[in-house]
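Have a look at the structure below, then the notes.
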Amino acid sequence: MISLEQIKAAHSKVKSGADFPAYIQDIKSLGVSYYETFVNDGHTIFSGTNGYTTISPARYEALTIADNCNKEQFKSDLKAHQQGEIDYPTFSKLSTRLGVEKWAVSMEQMTCTYYDKAGNQVLVEKIPQKV
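Each number in our numbering corresponds to the 1-based position in the sequence shown with 1 added.
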């Protein structure tokens with residue numbers, strides 16, 4: 002079974018978006034197969050082998066997700082976050098203002114998919130497997 006403590010330990014190594022591929026490898030080795038992070042409050046639903054699910058608590062006070070998505074600005078801000086120019090709390094706030102509701106990570110497909118409030122895909126990224 003996957004524990005939140007194990008996931009937190011893996012996440013504690015993440016200093017910027019540049020550390021994301023290593024984090025994915027760490028939690029994949031724990032048995033996480035899929036997760037969704039909800040940008041409004043930062044809670045995450047982790048799913049693993051044998052139908053195991055665990056939910057992390059909210060990380061911050063609830064934010065309002067914009068009704069309309071600004072895909073191009075989101076892509077620009079995501080790139081800045083991945084290069085370590087924007088920290089996670091700032092990136093989360095920017096994402097809500099730009100209409101991104103959640104991101105979903107599939108370990109099987111090694112993708113991170115971003116969704117708007119209406120459930121439309123905003124962006125699908127392949128996760129680098131070499132860290």
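Where a beta carbon is used, it is the ideal one built from N, C-alpha and C, also for glycine.
Ends of the beta strand (DSSP E) at residue i?
i	result
lysine 103	101 to 107
glutamine 122	122 to 127
threonine 112	112 to 117
Enumerate in chain order the residues of its own chain whose CB-to-CB distance from residue i is below 6 Å, with the five nearest sequence positions on each side excluded.
i	result
glutamate 37	Ile46, Lys103 and Ala105
Can you list, in chain order, the residues of its chain with a C-beta nearer than 8 Å to that of residue i? Leave out the 5 residues immediately preceding and following it.
i	result
alanine 11	Tyr24, Asp27, Ile28 and Leu31
So, residue i versus residue j, is the Cβ gap smaller than 7 Å?
i	j	result
serine 93	valine 33	no
aspartate 20	cysteine 70	no
serine 48	tyrosine 35	yes
alanine 119	arginine 98	no
Does residue i come out as helix, strand or coil in the three-state DSSP assignment?
i	result
lysine 76	helix
aspartate 42	coil
isoleucine 66	coil
aspartate 88	coil
isoleucine 3	coil
serine 147	Not covered by the structure: residue 147. The range shown for the chain is 2 to 132.
Tell me whether residue i, by its Cβ, gets closer than 6 Å to a heavy atom of the ligand MN.
i	result
glycine 85	The ligand content of the structure shown is nil, which means the ligand MN is not present either.
Have a look at the options and flag the residue whose alpha-carbon is nearest the alpha-carbon of residue i.
i	options	result
leucine 5	Arg98, Val123, Thr114 and Tyr53	Tyr53
alanine 121	Pro90, Cys113 and Val101	Per the sequence shown, residue 121 should be read as asparagine rather than alanine. When each option's Cα is compared against that of asparagine 121, the closest is Val101.
isoleucine 56	Lys14, Met2 and Val123	Met2
Go to residue i, then tell me how far its alpha helix (DSSP H) extends in each direction, as first and last residue.
i	result
isoleucine 25	21 to 31
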